[in-house]
Each structure stands twice: as structure tokens, then as C-alpha cells.
Amino acid sequence: MGHLGEIVGCNPVHLCPSVVFGVSAGYGQDRGRGDVVVGGAVAGIVANPVSGRDIRRLGAWASVFPADGRAGLVQRLLSAFAVAGVRRVLVSTDRGGISAAVLRALGRESAARPEVEFCEQDPFTGCAQDTVDAVRWMVDAGASVIVCLGGDGTARVAASVCGDVPLLALFTGTDNAFPQMREATVAGLAAGLVATGKVDVDLVAERVSVLEVVTKNRRAIALVDVAVTMSKHVGAEASGEPAALTELYCTFAEPDGIGLSSVAGQLCPSPRSSPDGVALQLGPADECANVVHALIAPKLVRPIGVRGWSVLRPGVRVDLAADGGVIAVDGARELELKNGEGAYVELRSDGPWCVDVRAVMAEAATQGLLRDASGPRNERRR
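Numbering of the sequence shown is given in the working numbering, commencing with residue 299 and proceeding in unit increments.
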């Protein structure tokens, strides 16, 4: 189960356990299990089929990215990778229709593309483990950059296992405080120029901060925020009642952000470039001197009471004050705190390397990487 050939209705003998589809010059044949592609720049694409489809979208009129739309994003990335000179692209496989649509398009189109290899996962879990497995496969296969299509949760999962491979997270989720909202072709050009080494990654990528939260039995990271709520519902993709929130920790806080970090963004903004984060003590709005009307999810502007706030320094462990409740990481309530059980949060500066699309394209302009000055039409006017 879980083979791409079965998903698209093809003969699985020709398409599993790995699928390599080359349609650029010098390729054009499927490869089987024993074939190994060597040489050239390698990039990865992870597309989460379920990001942006959780309970928070009910009644929110939020944007929806259907499978065909996400497949279109992948196609645009592939086209841009070809221009940048990427030789091989590793693509995640899913049962949501994205990889199947991409495979069908590769079979129809004759435009130049890098060699594409699909990650075969057997079985699919339908949860974050699929992203973990795909990213690990890409890292092991030598990817120089990984483009992640999803929201804050997808980016967080990819960041937890990408190691030192640069990450470029694109906006296709519900809460998109961390991913960039970029046209996929531009993002693909930027990622491709990094993958091929034409732009020095040290000039255009920075290691971002993460929050590590540790309980008695588990630890997790967050790219944006860690919140404590007295709500008892683990697994819900929402922050619950704002009045139940007691603590909030953020790696950065932007005034125009979305999600709980927007609370801090209105009171004590902290840019992504700062090594420090922020910590807030929350409470019911009718009991706090400071109340922020925050965009905690698409369409959902809610009053959040704030008792106080302070700077969160890197490397300093902060014990959570909560006695029980649930801890949410980047909006997902995953960790349960039993009564009397301690936990702490720590801001760390060793998060993933993240590609700055604007910086890459500026460097490309400086070096003339996307200019062709060989023709007479490009002669300087006198």
C-alpha cells in the first residue's frame, strides 16, 4: 500500500518503490529501483495535502488550497528549478492528490524540467510522520535546499528534522505566521540558486530561533509560539477559549502577524532578526489592564487579556507556571500537563537555516545571474 503507481492508477511495476521521471534534455525514461542518479544540484519539495483544512477554517472564509492548486505550485517550482540549473528534485508523495497530479502533468508536458523523483512511503500515516519521513529521505539523498508547502505546523515538523539543510517555507496553511507568502516561481528561482551554489547560502540564509518546550515525557519545538491553556482538549487545531490562555512565549512578534504571536506584536513587537523573544502572562480580558484585539486565526479577532510581559532571552529556561492544562506549539495543542507535573520552555538560537527569497533575488541581480548580455539587444545604450 502507499505506492504512487497505485495512487494514479498506473502499473506499480513501473513506478515503485521509487519513481524518477526525467523530461529535460538527456532524460525521458522512467527508472527502477536499482538506478541511482548522481551529480548535479539536488532540491526537495514537501507539499502537505491537509494543511489549511483544519477546524479553525470553519466559518472563517479562509483561503483554501486544493490539491490541483498545490500541484500547480509544485509545477511552478519545478520550472524555476530548471532555469536555476537544478539537476534533480525530490518530491514528497501523498494520498491527497498532489503528487498524483504532478506525475500526470510530467507525463503530458514537454517543457524542460529537472529529473523528478517521488518519495515512496509505505504505509502513509496521514499525519506529521509522513512529512518527517519525506524530509529525512531528502536530507539523506543530498538535498541542498528543501521547499515546504504548508502552514506553521508543516514548517515546524520539517524544521525538526532538516538539520543544516536550508528550508524555504511557503504559505499554504491556516495560520501562516512563519511561512513566506511568495509566488512559487520566484521562490523556486531563489531556492534553485541556493541549491546550485550560484548564490552563497551564507549570504542569503539565517539560522532562526526556536522555542523548545520540555515536559516529563515529551519535548517539542515551535517556530513561532508556545501557549499554555487550561482547556483540556489535546489534539484540537485551535487555541480554545481565549480566557483559558495563561502563558504565551514567542520567538518573534510582528504587529501584522496572525495567530497568538500577534498579541505580542501589538504590545511588545520583536522582529525576526532579534535574538530575543517575548514572554506574556495572559488572563481573562475582564480581569486584565491590557486587552489586545488580536487576529488569532483567519476572521477570528478576539480580545486577549494580558497581565504583563517581558523579554525572553536565549538559553534561559523558564519554568511554566501552569498546574495542569495543555501546551500548544505553533497553534497545535499537543502536550498535556497533568496536575503537579512541571515543564519548561527555552528560546534557542540553533533553529533551521531559512532562505530569504528577497536576499537571494537581490544577490542574483547584483551578480547578473538572470541576465544574458551576449546578444546585441542587451548592448548598453549610448
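Using N, Cα and C, we set each Cβ at its ideal position, and we do this for glycine too.
Element boundaries [beta strand (DSSP E), containing residue i]
i	result
Arg252	An answer regarding residue 252 cannot be provided, because it is not within the stretch 299 to 680 covered by the chain.
Phe476	That residue, Phe476, is in no beta strand (DSSP E); it is neither H nor E in DSSP.
Gln579	Gly575 to Gly581
Gly422	Rather than Gly, the amino acid found at residue 422 in this sequence is Phe. Segment: none, Phe422 is in no beta strand (DSSP E) and carries neither H nor E.
Ala503	Ala503 to Arg505
Val511	Val508 to Val512
Gly623	Gly623 to Val627
Ala345	Val340 to Ala345
Val348	Val348 -> no beta strand (DSSP E), and no H or E assigned at all.
Cα-Cα separation between residue i and residue j, rounded to whole angstroms
i	j	result
Cys460	Ala341	12 Å
Gly350	Ala626	Note that Gly350 scores 48 on pLDDT, short of 50, meaning its location in the model is unreliable and no value can be drawn from it.
Leu546	Asp523	7 Å
Asp406	Val400	For the record, residue 406 in the displayed sequence is Arg; it is not Asp. Each residue's Cα considered, the two are about 10 Å apart.
Gly622	Glu510	18 Å
Gly388	Gly338	It is worth fixing the name first, because residue 388 is Leu in this sequence and not Gly. So the alpha carbons of these two residues sit roughly 13 Å apart.
Leu645	Ala520	10 Å
Gly603	Pro567	17 Å
Leu404	Ser458	31 Å
Leu543	Gly383	49 Å
Val526	Arg386	43 Å
Asp473	Val344	18 Å
Gly449	Thr664	32 Å
Gly629	Arg393	24 Å
Val599	Glu539	12 Å
Asp554	Val508	20 Å
Pro601	Ala592	6 Å
Arg570	Glu552	8 Å
Pro596	Leu580	21 Å
Gln478	Trp651	14 Å
Pro582	Val437	45 Å
Span of the alpha helix (DSSP H), counted from its first residue to its last, around residue i
i	result
Glu545	Not the alpha helix (DSSP H): Glu545 falls in the beta strand (DSSP E), residues Leu543 to Cys548.
Leu376	Ala365 to Ala382
Leu251	Lying outside 299 to 680, the shown extent of the chain, residue 251 is not represented and no answer is given.
Ala432	Ala426 to Asp438
Three-state class that DSSP yields for residue i in the structure shown
i	result
Gly471	coil
Gly666	coil
Ala551	strand
Arg611	coil
Gly606	strand
Val492	helix
Val459	coil
Ser559	helix
Pro540	helix
Leu618	coil
Leu521	coil
Thr527	strand
Gly451	helix
Arg656	helix
Gly486	helix
Glu639	coil
Gly587	Per the sequence shown, residue 587 should be read as Ala rather than Gly. Three-state result, Ala587: coil.
Glu418	coil
Val257	One cannot answer for residue 257 here, as it falls past the ends of the chain, which runs 299 to 680.
CB-CB length for residue i against residue j, believed under 8 Å
i	j	result
Trp607	Leu565	6 Å
Gly557	Ala475	5 Å
Pro412	Leu447	At roughly 17 Å, the Cβ-Cβ gap does not stay under 8 Å, so Pro412 and Leu447 are not in contact.
Glu639	Lys514	5 Å
Val506	Gly649	4 Å
Minimum Cβ-Cβ distance from residue i to chain B less than 8 Å
i	result
Ala380	Given the protein chain composition of this structure (a single chain), no chain B is represented.
Any non-hydrogen atom of the ligand ZN closer than 7 Å to residue i Cβ
i	result
Val653	Among the components modelled here there is no ligand, and therefore nothing to report on the ligand ZN.
Q. So, do the region 605 to 625 and the region 562 to 579 have three or more beta carbon pairs nearer to each other than 8 Å?
A. yes
Q. Touching or not, the region 639 to 659 and the region 476 to 490, by the rule of three or more beta carbon pairs under 8 Å?
A. yes
Q. Quick one: any contact between the region 366 to 374 and the region 417 to 434, if contact means 3 or more CB pairs under 8 Å?
A. no
(Q) Can you confirm whether the region 447 to 455 touches the region 463 to 478 when touching is taken to mean that 3 or more C-beta pairs between the two stretches lie within less than 8 Å? (A) yes
Q: Please determine if the region 647 to 656 and the region 492 to 505 are in contact, where contact requires at least 3 C-beta pairs separated by less than 8 Å.
A: yes
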